[in-house]
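Taken in order, these protein sequences are the chains called A and B. To convert, take the position in the first sequence, counting from 1, and add 3; that gives this note's numbering. To convert, take the position in the second sequence, counting from 1, and add 12; that gives this note's numbering. Shown next, in structure tokens, is the structure this report addresses.
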Amino acid sequence: MWSYIVRRLLLGIPTLLGVTIIIFGLLHLAPGDPINAMLPPDAPQEVVQMIREQMGFNKPLPVQYWRWLKRVAVGDFGNSIATRRPVLSDLREALGNTFMLAISAACLGFTLGVGLGTTAAFAQGGWLDKVASATAIAGVSLPHYWVAILLIIIFSVELNWLPAMGIRSTSGATSAWDLAQHMILPTVALSLIPMGVIMRMTRSSVLEILSQEFVMTLRAKGLWSRTITRHVVKNAAPPVLTLMGLQFGYLLGGSVLVETVFSWPGSGFLLNLSIFQRDVPVLQGVILVLAAFFVILNLCVDILHSVIDPRIRRT
Amino acid sequence: MDGMGKRGRGAVRRVLGAMGVGLLGLMLSWTAARAQSGRGGTLRIGMTAADIAYTAGQPDQGFEGFRFVGFPLYDALVRWDLSQGERLPDIVPGLAESWEVDPADVQRWLFKLRRGVKFHDGSDFNADAVIWNWDKIRNKDAPQYDVKQAGEIAFRIAVIKSYRKLDDYTVEFTTTRPSSFVPFQVVYVLYSSPAHWEKVGRNWQAFATNPSGTGPFKLTRLVPRERAEYEANMEYWDKNRVPKADKVILLPMPEVTTRLAALRTGQVDWIEVPPPDAIPTLRQAGFQIFLRSYPHVWPYSLNLKAAPWDNKLVRQAANYAIDREGLCKSLLNDTCTPATGIVYPGHPWFGHPKQTYSYDLKKAKDLMKQAGYDGKRVRTSFLISTSGSGQMLPLPMNEYVQENLREIGIDVDLLPIEWNTLTVWGRKGFVEEHAQTGALNISYNFVEPFSAFVRFFHSASVPPRSVNITGYINPEADRLIEAAEASFEAQVRDDTLGKLHEQLIDDAPWIFVVHDLNPRAMSPKVKGFVPPQSWFVDLSLPWVEK
Numbered sequence: 004m005w006s007y008i009v010r011r012l013l014l015g016i017p018t019l020l021g022v023t024i025i026i027f028g029l030l031h032l033a034p035g036d037p038i039n040a041m042l043p044p045d046a047p048q049e050v051v052q053m054i055r056e057q058m059g060f061n062k063p064l065p066v067q068y069w070r071w072l073k074r075v076a077v078g079d080f081g082n083s084i085a086t087r088r089p090v091l092s093d094l095r096e097a098l099g100n101t102f103m104l105a106i107s108a109a110c111l112g113f114t115l116g117v118g119l120g121t122t123a124a125f126a127q128g129g130w131l132d133k134v135a136s137a138t139a140i141a142g143v144s145l146p147h148y149w150v151a152i153l154l155i156i157i158f159s160v161e162l163n164w165l166p167a168m169g170i171r172s173t174s175g176a177t178s179a180w181d182l183a184q185h186m187i188l189p190t191v192a193l194s195l196i197p198m199g200v201i202m203r204m205t206r207s208s209v210l211e212i213l214s215q216e217f218v219m220t221l222r223a224k225g226l227w228s229r230t231i232t233r234h235v236v237k238n239a240a241p242p243v244l245t246l247m248g249l250q251f252g253y254l255l256g257g258s259v260l261v262e263t264v265f266s267w268p269g270s271g272f273l274l275n276l277s278i279f280q281r282d283v284p285v286l287q288g289v290i291l292v293l294a295a296f297f298v299i300l301n302l303c304v305d306i307l308h309s310v311i312d313p314r315i316r317r318t
Numbered sequence: 013m014d015g016m017g018k019r020g021r022g023a024v025r026r027v028l029g030a031m032g033v034g035l036l037g038l039m040l041s042w043t044a045a046r047a048q049s050g051r052g053g054t055l056r057i058g059m060t061a062a063d064i065a066y067t068a069g070q071p072d073q074g075f076e077g078f079r080f081v082g083f084p085l086y087d088a089l090v091r092w093d094l095s096q097g098e099r100l101p102d103i104v105p106g107l108a109e110s111w112e113v114d115p116a117d118v119q120r121w122l123f124k125l126r127r128g129v130k131f132h133d134g135s136d137f138n139a140d141a142v143i144w145n146w147d148k149i150r151n152k153d154a155p156q157y158d159v160k161q162a163g164e165i166a167f168r169i170a171v172i173k174s175y176r177k178l179d180d181y182t183v184e185f186t187t188t189r190p191s192s193f194v195p196f197q198v199v200y201v202l203y204s205s206p207a208h209w210e211k212v213g214r215n216w217q218a219f220a221t222n223p224s225g226t227g228p229f230k231l232t233r234l235v236p237r238e239r240a241e242y243e244a245n246m247e248y249w250d251k252n253r254v255p256k257a258d259k260v261i262l263l264p265m266p267e268v269t270t271r272l273a274a275l276r277t278g279q280v281d282w283i284e285v286p287p288p289d290a291i292p293t294l295r296q297a298g299f300q301i302f303l304r305s306y307p308h309v310w311p312y313s314l315n316l317k318a319a320p321w322d323n324k325l326v327r328q329a330a331n332y333a334i335d336r337e338g339l340c341k342s343l344l345n346d347t348c349t350p351a352t353g354i355v356y357p358g359h360p361w362f363g364h365p366k367q368t369y370s371y372d373l374k375k376a377k378d379l380m381k382q383a384g385y386d387g388k389r390v391r392t393s394f395l396i397s398t399s400g401s402g403q404m405l406p407l408p409m410n411e412y413v414q415e416n417l418r419e420i421g422i423d424v425d426l427l428p429i430e431w432n433t434l435t436v437w438g439r440k441g442f443v444e445e446h447a448q449t450g451a452l453n454i455s456y457n458f459v460e461p462f463s464a465f466v467r468f469f470h471s472a473s474v475p476p477r478s479v480n481i482t483g484y485i486n487p488e489a490d491r492l493i494e495a496a497e498a499s500f501e502a503q504v505r506d507d508t509l510g511k512l513h514e515q516l517i518d519d520a521p522w523i524f525v526v527h528d529l530n531p532r533a534m535s536p537k538v539k540g541f542v543p544p545q546s547w548f549v550d551l552s553l554p555w556v557e558k
């Protein structure tokens, strides 16, 4: 197992290198200019040139890439062009905020998804199945930024139960309860897609297992339905787990719209801001870290597979 | 009794009426006085920006940075008087008590500094601090030279040739040419504390997180992308501008629906730019809505080197074809006013233009006929943004103008691009793949003569030196700009700029569309706010009722 983990981690390095080359290439192909975004339009050319040199943008692209890569290898992501703050400190703060949201949305979305999916499969064709499937389709189909705005209108503006934006009260309160209140609406908005996706996968996976002969044998032997359910769910788990890993990755990187709507200062908000500012170091840093999370998450899911299903051997 | 009663009752009614009016007057004046004299509370502002501007001195994010970071935390030698909204703000003394141009040499300016001013860290403001700060943005060999701050301000102070200390409280500036615009330029040069910069290890990044200026507010907390908190500087040197609010909290909220919801739920007390269609319901719900003309124009900069805009008659026709009133009323809920020039009527630089650019389709069609487009349709393209600072509602507004121009035979292809990319072309102009593009839609401010005229219409301002992207070259306009700059009497300068404005309206290098009214919505608890005719606001005036 350990050699498998080490091999997978080593294989992750070329994946991440590929990601860095793609990010770097795409960012430099995109229209717009980071220095232009940073300075007023009639800033003197002499100053523009000086900043270009300071930031290393006057060097050929391969040189710029190599310099950046060397720094990243020792944990230095450089400084933001727009704010001059170290990218790493911005990233740490933003990712921490996004993690909180992603974990809570994953807990909510995965629990509901697995619950609804299993219920729907066992009640195949019945009204419970139809309601659960409709909920899943709605979760996947409704744009989550639209749901976010709707939630704000209902629960913040009309009912005044929950705050409409931010990570803490404008008074600056730092209590856990205050944070929890601010997390509820973005968590619900973010959990809809994973809930829908996981529900559908769980349903089809459970249905597939239910149709297998061993389940019929278990029933014929007169096992309790709870025991049969346990066997079915355990066998249906691997594909659902794989999907959960991917969905968690999407939650980390794909919350741009929800974070913007709720002014949640996470990695999505940072990514959005750095795109508009053409803040290349921040963009590269955020995308690289998110890609690294994806690689690690996939590895974790694979390891978990073998724990749940010993037939899958990791050597 | 009855006879006397009629007259008597009349007299009593008159007395009671007079007392009532007097009482009402007293109540109103008491309310007004209370609004003026009250203080306290925490003012929470939902900004349109997605991050707090640079806090080390010269802010980034253009005038937005000056409005919420630069001017509250720092001072300049002179400042805009933003305490009233009835007329345009004047330049008044700031860190300099007085200034004068040397009558014997009009390229020499003397600024007498205010005594007893201290930075937030307690160190003294004096001539050495002034020179140190000019070195920060001009002297590449100085240890405190900050290229970021230099890049933000250098183009505004290009006319300053040299600066030197004459004594502890007198500074001399010389200019490259006679220029009455100097006070309008130095108003943007803000002074950071040299002693504090030393204390934080000669590091501008460290200074930015813990800054020290002389302004009416001190920064107490900065959380990137989330908030900046200011507390009132109770030892502020200008006792009339000691902030009335105890605290100000700035909250970046780029998403308009978030700002609106935050105001409605009481999470903030003030939002910038509420959506126009929400204004009536906000009013109904008791929120205060502030609208005020200010130096802003939403135009099309035309490509004067390509057809059809190389023809002045077509440019004038297009200006007559825009239904500006309809645009402001039906689309923007009266949050703008028609723009028939760069500045608005009543502005000291408006002049008496020959062309009035009212909505006149007949005149527009006649002009098209005279230009040789009788019955012929002409095709052009406009480079526009999907959003952006000061761009108002770019997509529906552009579609509205597109419809208007179709009426007179001009078919416009709208080329929407992302805001930052548009600003790249706003700097480069009509070159490369956009050499034949007809116009570019970027809104501008015209706070002072440089930002209103010089950068857009002087022949020396063509890219890359500045942003005269239309390619407008008119020796008469150059002459008037230079004459205005060389006029040291305000009235003469304003009259000259008025003549220049008349010339520009007649030549129409732009299609003038609307002036924004800078909508703001505030909770009824916010008192004492004055909307000035400016992009900037004086944050020391408002306070929040508990």
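Note that the Cβ used here is the ideal one computed from N, Cα and C, for glycine as well.
Neighbour flag for residue i against chain B, beta carbons, 9 angstroms
i         : result
Asn61(A)  : no
Ala167(A) : yes
Thr114(A) : no
Ser159(A) : yes
Met186(A) : no
Thr173(A) : yes
Asn82(A)  : yes
Thr190(A) : no
Ile363(A) : Nothing about residue 363(A) can be reported from this structure: the residues present for chain A run from 4 to 318 only.
Arg233(A) : no
Ala322(A) : Lying before the first or after the last residue shown, residue 322(A) is absent from chain A, which here runs from 4 to 318.
Arg281(A) : yes
Thr101(A) : no
Ser266(A) : yes
Residues near residue i in its chain [Cβ-Cβ closer than 7 angstroms; skip 5 each side]
i         : result
Trp437(B) : Leu395, His446, Leu452
Leu221(A) : Ile231, His234
Pro554(B) : Leu55, Lys256, Ala257, Val538, Lys539, Gly540, Phe541
Ser83(A)  : Val90, Asp93, Asp282, Pro284, Val285
Closer than 8 angstroms: residue i CB and nearest the ligand HEM heavy atom
i         : result
Ala220(B) : Inclusion of the ligand HEM in the displayed structure is not the case, the ligand content being empty and no account of it being possible.
Chain A within 9 angstroms of residue i, Cβ atoms only
i         : result
Glu557(B) : no
Tyr66(B)  : yes
Nearest-angstrom beta carbon gap, residue j and residue i [assumed within contact, 8 angstroms]
i         : j         : result
Val289(A) : Leu274(A) : 5 angstroms
Ala108(B) : Arg126(B) : 7 angstroms
Val285(B) : Pro531(B) : 6 angstroms
Arg70(A)  : Asn61(A)  : In fact, because the Cβ distance is near 12 angstroms, the residues do not count as touching under 8 angstroms.
Neighbourhood of residue i by C-beta distance below 6 angstroms, restricted to the same chain and skipping five residues each side
i         : result
Thr482(B) : Ser313, Leu314, Leu316, Pro521
Pro155(B) : none
Glu243(B) : Lys230, Thr232, Lys259
Tyr248(B) : Pro228, Val254
Arg391(B) : Asp423
Gln197(B) : Arg168, Ile169
Phe299(B) : Ala533
Leu379(B) : Leu325, Gln328, Ala329
Ser174(A) : none
Test item: CB-CB of residue i and residue j under 9 angstroms
i         : j         : result
Leu275(B) : Trp282(B) : yes
Val117(A) : Met202(A) : yes
Gly97(B)  : Val542(B) : yes
Pro44(A)  : Thr435(B) : yes
Met168(A) : Met265(B) : yes
Asp507(B) : Asn486(B) : no
Asn416(B) : Ile354(B) : no
### Message
Extract the residue ranges of the beta strand (DSSP E) inside the region 100 to 158 of chain B, only unbroken runs of 3 or more that lie entirely within it.
### Response
103 to 105, 108 to 113, 120 to 125
### Message
Runs of 4 residues minimum, wholly inside the region 417 to 477 of chain B: which ones carry the alpha helix (DSSP H) assignment?
### Response
431 to 440
### In chain order, each alpha helix (DSSP H) run of at least 4 residues that lies wholly inside the region 198 to 235 of chain A
216 to 223
#### Entry: Minimum length 4: unbroken alpha helix (DSSP H) runs contained in the region 100 to 146 of chain A
130 to 144
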